[in-house]
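Remarks on the structure that follows.
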Amino acid sequence: MPAVQETVERVRSIDVDQYKYGFETNIESVKAPKGLDESTVRFISAKKNEPSWLLEWRLEAFKRWKTMTEPDWARVHYPKIDYQDLYYYSAPKNTPGPSSLDEVDPELLKTYEKLGIPLREQEILAGVRGSSRVAVDAVFDSVSVVTTFKDELKKAGVIFGSISEAVREHPELVRKYLGTVVPSSDNFFATLNSAVFSDGSFVYIPKGVRCPMELSTYFRINERNTGQFERTLIIAEEGAYVSYLEGCTAPQRDENQLHAAVVELVALDNAEIKYSTVQNWYPGDKQGKGGVYNFVTKRGDCRGRGSKISWTQVETGSAITWKYPSCILRGDNSQGEFYSIAISNGYQQVDSGTKMIHLGKNTTSRIVSKGIAAGHSNNTYRGLVSAHRKATGARNFTNCDSLLVGDKCGAHTTPYIEAKNSKSVFEHEATTSKISEDMLFYCRQRGLTQEEAVALVVNGFVKDVLQHLPMEFAVEAQKLIAISLEGSVG
Amino acid sequence: MLEIKNLHAEVADRKILQGLDLKVKAGEVHAIMGPNGSGKSTLSYVLAGKDGYTVTEGSVQYQGEDLLALQPEERAAKGVFLAFQYPIEIPGVTTMTFLRTAVNSVRKQRGEAELSTPDFLRFVREKAKDLNIDQEMLKRAVNVGFSGGEKKRNEILQMALLEPKLCVLDETDSGLDIDALKVVADGVNALRSPQRSMIVITHYQRLLDYIVPDVVHIMAKGRIVRTGGPDLAKELEERGYAGIETEIA
Amino acid sequence: MNEVQPIRTDAENAIISRFPDFAKKQSHWGGAEIARERTAAFEILKSKGLPSRRVEEWKYTDLRAMLRDMPSPAEAPSREAVEVAAREKSAIDLSDAFKFLFVNGKNFAMVKAEGFEIYSLANGDKLPKAVSDTLARERKHALNAAVALNTAFMTDATIIHVPAGKRLARPIHLAFRHEGKIAQSSFPRVLIVVEQGASVTIVETQDGPAGVAYFDNALVEIDAGDQAEVNHVRHNNAGGASITLSTLAVRTGHGTKFSSFAMATGGAISRHQMFFDLAGKNAELSVQGATLLRGKQHADNTMIADHMAGGCVGRQLFKTVLDDNSRGVFQGLIIVRPHSQKTDGKMMSSALLLGDDAEMDNKPELEIFADDVQCGHGATVGALDENLLFYLRARGIPRREAEILLIESFVGDAIQHIENERVREALMSCASAWLAERS
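These protein sequence lines map, in sequence, to chains A, B and C.
Every number in the working numbering is 193 more than the matching position in the first sequence, counting from 1.
Every number in the working numbering is 4 more than the matching position in the second sequence, counting from 1.
Every number in the working numbering is 2 more than the matching position in the third sequence, counting from 1.
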């Protein structure tokens with residue numbers, strides 16, 4: 194996708210040596226021992242030269258985590274994860290990757306080709322050995338796309354970088370906000386993340402500043418048997434605005450990879466944060482082998498009056514998606530939005546949705562969710578809309594539609610709607626239907642193949658959500674949808 | 005161009021076509037008339053290859069090829085175009101996107117280069133102008149909220165863009181007022197050529213005043229029961245289907 | 003999960019301590035099969051305890067917290083009490099009905115059955131095949147806490163059998179009535195087998211004294227055969243201090259037409275469970291509800307429509323009106339099993355919040371495993387429309403009357419689905435009476 198492509202291009206223009214906070218030189222050989230205990234947490238913290246308060250915070254989380262049990266309420270099934278059989282800290286490895294494109298799985302290359310990434314980038318993405326690999330990998334794992342624009346952002350007063358960097362350079366900000374939206378005790382996966390998070394992005398937009406450009410981070414899981422635990426923290430001060438994009442992919446692996454990220458957003462008075470995700474982690478093969486377990490906690494806190502947080506997500510990847518980007522509408526007149534497209538094919542399992550917690554007066558929220566289930570997949574929308582006793586004038590409108598492609602899949606809707614005062618108005622509607630045979634036939638009569646027809650109809654179905662994505666993402670998301678649905682009809 | 009022999013077809017276990025024969029030469033315009041339930045629309049769906057329309061007997065040769073063996077999109081690529089009686093609405097997909105996808109799919113299948121976006125836009129605008137189609141209409145979702153006339157003009161626009169060899173117009177006149185009918189008929193007439201054949205399916209003679217056929221067939225109970233020139237349509241108009249049917253019986 | 007068992011509540015202790023004696027007392031009937039079922043149900047309760055809000059199905063009705071103690075199972079009522087009960091009238095009281103009077107859970111039916119038969123499981127009556135076949139079928143909801151509680155403490159099962167093709171012109175009335183000032187628990191149980199092509203209207207009413215904290219837990223099972231037509235209406239008008247659980251478990255056949263209406267105005271805490279198994283193709287299921295609450299009342303409507311066969315049409319419409327601090331709950335689940343193609347299911351829950359501190363919790367779920375379906379649900383929550391109120395007042399209607407008008411039409415929207423005119427009118431006037439009492 195162009196965002197990715199740009200990322201890669203930008204990275205290539207950066208001299209590796211300029212990457213001054215990089216631990217790439219020694220990190221390549223550094224790996225925490227497999228398994229998780231207190232020493233792992235200390236190891237990670239030490240590697241990152243963290244201040245003691247952060248180490249304490251991590252240890253506290255770890256202590257808590259040991260008492261917690263993995264949640265089982267979602268409609269997802271997977272073999273028990275052995276948390277002692279994972280690496281919690283590792284860097285791009287030294288073992289040789291494929292030395293030329295010929296050694297890379299052609300399926301993977303085909304995907305990149307379809308995504309419109311030119312061959313040179315494909316090599317990088319596929320991890321072919323080459324001079325720029327390390328820098329690119331480092332970028333994928335965490336930070337520095339921004340370096341290119343650092344001056345421009347700095348001029349505006351915007352801080353954008355890795356969270357490790359922020360801990361060093363802006364400890365007061367990190368300390369003030371970290372864990373205030375998703376407490377370290379929030380849930381099993383978030384608590385695990387709090388203990389062992391590796392890196393992630395940090396964004397700070399000062400008062401009254403409209404971030405001059407879209408910020409984007411590109412996540413990628415590279416290592417085998419490695420858990421990926423990013424932590425993202427975005428703060429928009431009074432009257433600030435930022436649009437942030439997140440893209441994700443992972444290489445094909447036979448075994449399942451664990452990804453448990455935490456994203457925290459804080460919007461102060463009249464601030465606005467727009468957070469878009471295109472998630473394309475490896476979904477597993479046609480038989481359902483392999484794929485990423487994506488257990489993510491994303492939450493935004495509309496802390497200030499008149500603040501606004503908007504989540505837009507296109508979820509096409511991962512073997513399992515467990516993800517509920519939420520908004521806490523604390524400030525009076527604050528607004529929350531959730532626009533989602535979740536596509537599942539093969540043996541993918543998606544359990545995703547949102548929570549809109551209305552606490553302030555006259556708060557409004559809007560949910561538009563489009564689920565598409567194909568193949569043998571199961572796709573669940575799970576959402577909560579609640580209005581607190583004092584949240585008078587709360588309003589929510591929810592629309593969640595599901596589309597079934599084929600008769601081996603399942604589409605499910607589980608909304609919780611809780612109104613605790615009489616001055617709130619909630620409206621919810623949901624539909625589930627089959628992809629229309631008449632539409633498919635009409636398209637095929639005009640020369641579209643069955644797959645093209647499905648992609649076209651599905652793109653129409655999700656249009657309401659696509660239009661909330663930044664333009665360059667939207668176009669690529671459309672292509673991604675088509676790719677994701679391949680083989681769904683036969 | 006097209007040769008249908010002893011065609012039998014069923015829909016949901018109901019026998020609809022029962023031994024239909026039809027031969028259409030290149031450049032000819034054939035009208036098929038018949039009362040409701042005679043199987044006219046079934047014939048058009050069978051030719052286009054809709055699921056659920058099962059051919060139990062007979063054959064359809066199209067340009068020397070077994071048409072029934074082809075997928076709907078392959079038929080489209082080889083030049084079979086069906087103008088739907090009730091064009092389908094596709095929410096969320098703009099007409100422009102739909103047209104471009106269709107044109108390029110067909111071009112790809114025909115081994116032609118895909119049109120670039122500017123070329124395509126030029127191509128569409130030109131054709132749309134001929135059909136008196138507003139640019140605004142192309143920005144709206146396919147057939148969604150279109151009036152009856154707009155839907156039918158959209159069908160003819162697609163016909164013009166896809167450059168078919170065999171056009172099947174299924175009750176294209178239904179739901180049109182006289183002005184819309186003229187526009188549509190003009191569009192169709194503009195596409196008549198010695199290389200292009202047309203099958204115009206209609207219940208009323210009215211359309212045939214504007215699209216004058218070379219041959220007129222009357223269909224009843226799943227078969228062609230009479231064939232003649234344009235006069236046959238006039239005769240039908242005067243005597244009604246009942247009259248013709250009694251005569252046959 | 004081998005989780006640590008929390009400390010048992012008084013109610014849980016009461017269940018555990020009372021069961022052995024109770025089971026012994028009941029052992030004279032039903033034989034080994036009933037004893038086995040009874041023990042199995044008890045074991046579930048013993049091991050799991052009463053469901054708390056942590057149990058998903060009971061999320062909004064925390065039975066463990068609400069049922070602090072379980073009153074002792076009711077003794078057979080005195081003759082006098084039965085006579086009193088027989089004189090009292092319910093909101094729906096149809097003079098021509100076959101009336102089954104249940105006093106404190108025990109059946110005192112004096113009806114003369116015409117066109118159908120009545121049996122008692124406790125009496126060891128010989129059952130027709132259709133009934134014994136139904137009884138032999140595995141009970142899908144046996145694990146449900148309310149059902150298990152009924153099974154553990156049942157004292158009989160009244161069986162009504164409507165043979166094939168019988169079309170009963172007169173309705174059957176199951177009048178559940180609590181008598182006396184002592185808080186007791188009752189566990190009435192009724193099985194109605196409506197064979198192929200038969201038709202019947204069933205009315206259930208539930209009444210009891212105000213101020214007595216009794217506990218009622220009724221189970222009504224209806225097996226409606228192929229092409230049978232069953233219209234079921236229920237009115238919960240239980241005493242203001244009571245806790246009532248009720249379960250309607252229905253199985254439909256091929257082309258069955260089943261309608262059910264649940265009205266709730268009574269009880270301190272109530273939960274009505276509706277389990278519909280659409281086991282045959284092309285059945286039509288129509289379910290509505292109207293719940294009107296005030297004070298601190300809590301009422302839960304939980305419905306599962308399980309489309310086990312294709313081509314069935316399901317319609318559900320629930321209306322809830324909440325005044326003061328009352329709390330309404332709607333949990334609805336439409337399941338479409340694989341191969342249940344051509345299912346058409348629509349579910350709607352609307353709530354009007356009149357009191358500032360009223361609460362409505364909605365959980366309308368879809369669980370769909372077949373692709374050729376049309377399913378949907380909707381849920382709305384809100385106060386009375388001020389614009390409408392203003393419009394009516396501008397036409398000279400005082401605010402209070404305008405409100406009554408709007409609320410009546412709101413619940414009337416559901417009530418109007420009731421086929422039986424007299425029942426419909428009885429419930430409509432019941433709603434009007436509720437509104438008239440509104441301060």
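Here a beta-carbon is modelled for each residue, glycine too, at the ideal position from N, C-alpha and C.
Compare the C-alpha of Gly313/C against each of Gly347/C, Ala301/C, Gly297/C and name the closest. Taking the first residue of the third sequence as 1, we reach residue 313/C at position 311. Of the candidates Gly347/C, Ala301/C, Gly297/C, the one whose C-alpha sits nearest the C-alpha of Gly313/C is Gly347/C.
In chain order, what residues of the same chain have a beta carbon less than 6 Å from the beta carbon of Leu11/B, not counting five sequence neighbours either side? Your numbering for residue 11/B matches position 7 in the second sequence. Hits under 6 Å: Leu21, Leu24, Gly62.
Close-in-space but distant-in-sequence residues of the same chain around Arg633/A (CB under 8 Å, 5 per side omitted): Locating residue 633/A in the first sequence gives position 440, counting from the first residue. It should be noted that the sequence gives Leu, not Arg, for residue 633/A. Closer than 8 Å at Cβ, skipping near neighbours: Gln643, Ala646, Val647, Val650.
Could you tell me which chain B residues have their CB closer than 7 Å to the CB of Asp631/A, listed as they occur along the chain? Here residue 631/A is taken as the residue at index 438 of the first sequence, counted from 1. Those within 7 Å of Asp631/A in chain B are Ile92.
According to the Cβ coordinates, are Ala264/C and His256/C closer than 8 Å? Position 262 of the third sequence, counted from the start, is the residue given in the question as residue 264/C. Position 254 of the third sequence, counted from the start, is the residue given in the question as residue 256/C. Cβ atoms of Ala264/C and His256/C: not closer than 8 Å.
Are there 16 or more other CB atoms within 10 angstroms of the CB of Ala604/A, so buried, or fewer, so exposed? Position 411 of the first sequence holds residue 604/A. By the neighbour-count rule (16 or more Cβ atoms within 10 Å), Ala604/A is buried.
By Cβ distance below 6 Å, which residues in the same chain neighbour Tyr214/A in space, the five residues on each side in sequence not counted? What you label residue 214/A is simply residue 21 of the first sequence in a count that begins at 1. At Tyr214/A the pLDDT is 21, less than 50, meaning the model places this residue with poor confidence and gives no usable figure here.
Beta-carbon proximity check, Val331/C vs Asp363/C, cutoff 8 Å: Here residue 331/C refers to the residue found at position 329 of the third sequence. Here residue 363/C refers to the residue found at position 361 of the third sequence. Against a cut-off of 8 Å, the Cβ pair of Asp363/C and Val331/C comes out as a contact.
When the cut-off is 8 Å and only beta carbons count, does Gln638/A lie next to chain B? As a working note, residue 638/A is residue 445 in the first sequence. So, interface residue.
Does the beta-carbon distance from Ala587/A to Thr556/A come in below 8 Å? Here residue 587/A refers to the residue found at position 394 when the first sequence is read from its first residue. Here residue 556/A refers to the residue found at position 363 when the first sequence is read from its first residue. Taking 8 Å as the Cβ cut-off, Ala587/A and Thr556/A qualify as a contacting pair.
Buried or exposed: where does Asn242/A fall if 16 or more other Cβ atoms within 10 Å of its Cβ makes it buried? As a working mapping, residue 242/A is identified with position 49 in the first sequence. Counting other Cβ atoms within 10 Å of its Cβ, Asn242/A stays below 16 and is therefore classed as exposed.
DSSP on Val113/C, reduced to helix/strand/coil? What you label residue 113/C is simply residue 111 of the third sequence in a count that begins at 1. Reduced to three states, the DSSP call for Val113/C is coil.
Compare the beta carbon distance of Gly191/B and Ile160/B with 8 Å and say whether it is the shorter of the two. Position 187 of the second sequence, counting from 1, holds the residue named residue 191/B. Position 156 of the second sequence, counting from 1, holds the residue named residue 160/B. For Gly191/B and Ile160/B, yes; Cβs fall inside 8 Å.
Residue range of the beta strand (DSSP E) that Thr384/A falls in? Locating residue 384/A in the first sequence gives position 191, counting from the first residue. Premise fails: Thr384/A lies in the alpha helix (DSSP H), 381 to 389, not in any beta strand (DSSP E).
Counting only beta-carbon separations shorter than 8 Å, does Asp600/A have a partner in chain C? Locating residue 600/A in the first sequence gives position 407, counting from the first residue. By this cut-off, Asp600/A is an interface position.
Alpha-carbon to alpha-carbon, Phe382/A and Leu142/B: Within the second sequence, the letter at position 138 stands for residue 142/B. Within the first sequence, the letter at position 189 stands for residue 382/A. Take the alpha-carbon of Leu142/B and the one of Phe382/A: they are about 48 Å apart.
Along chain A, which residues have their Cβ under 9 Å away from the Cβ of Leu294/C? Here the question's residue 294/C lines up with position 292 in the third sequence. Simply none; closest approach about 15 Å.
Considering only DSSP beta bridges, list what His452/A is partnered with. To locate residue 452/A, count along the first sequence from 1; it is residue 259. Looking at the DSSP assignment, His452/A forms a beta bridge with Gln421/A, Asn487/A.
Taking the beta carbon of Asn449/A as the centre, do at least 16 other beta carbons fall within 10 Å, making it buried, or is it exposed? Your numbering for residue 449/A matches position 256 in the first sequence. By the neighbour-count rule (16 or more Cβ atoms within 10 Å), Asn449/A is buried.
Check the DSSP bridge columns for Trp515/A and list the partner residues they point to. As a working note, residue 515/A is residue 322 in the first sequence. Answer is Phe488/A, Asp544/A, bridged to Trp515/A.
Validate contact between the segment 559 to 575 of chain A and the segment 657 to 667 of chain A using beta carbons, cut 8 Å, 3 pairs: yes
Just checking: is the beta-carbon of Ala319/A within a distance shorter than 8 Å of some beta-carbon in chain B? By one-based count along the first sequence, residue 319/A stands at place 126. Bear in mind that the predicted position of Ala319/A carries a pLDDT of just 44, short of 50, making it too unreliable to give a figure here.
Please look up how many angstroms separate the CB atoms of Ile204/C and Leu176/C, rounded, as I've assumed it's under 8 Å. Sequence index remark: in the third sequence, residue 204/C carries index 202 (1-based). Sequence index remark: in the third sequence, residue 176/C carries index 174 (1-based). That belief holds up - the Cβ atoms of Ile204/C and Leu176/C are roughly 7 Å apart, short of 8 Å.
Is there a Cβ of chain B sitting closer than 8 Å to that of Val507/A, yes or no? Walking along the first sequence from the start, residue 507/A turns up at place 314. Cβ-Cβ to chain B under 8 Å: no for Val507/A.
Quick check on DSSP: helix, strand or coil for Glu361/C? Residue mapping note: residue 361/C aligns to position 359 of the third sequence, counting from 1. Three-state result, Glu361/C: strand.
For chain A, find out if any of its Cβ atoms is closer than 8 Å to the Cβ of Gln162/B; answer yes or no. Taking the second sequence and counting its residues from 1, one reaches residue 162/B at position 158. Yes, its Cβ sits closer than 8 Å to a Cβ of chain A.
Would you call the CB atoms of Asp325/C and Asp600/A closer than 8 Å? Position 323 of the third sequence, counted from the start, is the residue given in the question as residue 325/C. Position 407 of the first sequence, counted from the start, is the residue given in the question as residue 600/A. In this structure, Asp600/A does not lie closer than 8 Å to Asp325/C by Cβ.
Do the CB positions of Val97/B and Val146/B come within less than 8 Å of each other? What you label residue 97/B is simply residue 93 of the second sequence in a count that begins at 1. What you label residue 146/B is simply residue 142 of the second sequence in a count that begins at 1. Yes; because the gap between Cβ atoms is below 8 Å, this pair is in contact.
DSSP-derived helix/strand/coil call for Ala212/C: Position 210 of the third sequence, counting from 1, holds the residue named residue 212/C. It is coil, neither helix nor strand.
Environment of His309/C [buried if 16+ CB atoms lie within 10 Å]: The sequence position of residue 309/C within the third sequence is 307, counting from 1. Buried, by the Cβ-count rule.
Three-state secondary structure (DSSP) of Val110/B: The residue given as residue 110/B occupies position 106 in the second sequence. In the structure shown, Val110/B sits in a helix (DSSP, three-state: H, G or I).
Neighbour flag for Ile536/A against chain C, beta carbons, 8 Å: Walking along the first sequence from the start, residue 536/A turns up at place 343. When Cβ-Cβ separations below 8 Å define contact, Ile536/A makes no contact with chain C.
Taking only beta-carbon positions, decide if Thr547/A is within less than 8 Å of chain C. For the purposes of this step, residue 547/A is identified with residue 354 of the first sequence, where counting begins at 1. Not a single CB atom of chain C sits nearer than 8 Å to the CB of Thr547/A.
Nearest residue (CA-CA) to Phe217/C, options Leu69/C, Lys26/C, Lys61/C: The sequence position of residue 217/C within the third sequence is 215, counting from 1. Ranking the options by Cα distance to Phe217/C, first place goes to Leu69/C.
Hey, would you say Val59/B sits closer than 8 Å to Ala13/B, going by beta carbons? Counting from one through the second sequence, the residue named residue 59/B turns up at place 55. Counting from one through the second sequence, the residue named residue 13/B turns up at place 9. In contact: Val59/B and Ala13/B (Cβ atoms closer than 8 Å).
Looking at C-alpha atoms only, which residue of Leu211/B, Gln162/B, Gly152/B is the closest neighbour of Phe124/B? For this step, residue 124/B is matched to residue 120 along the second sequence. Comparing Cα positions, the closest option is Gln162/B.
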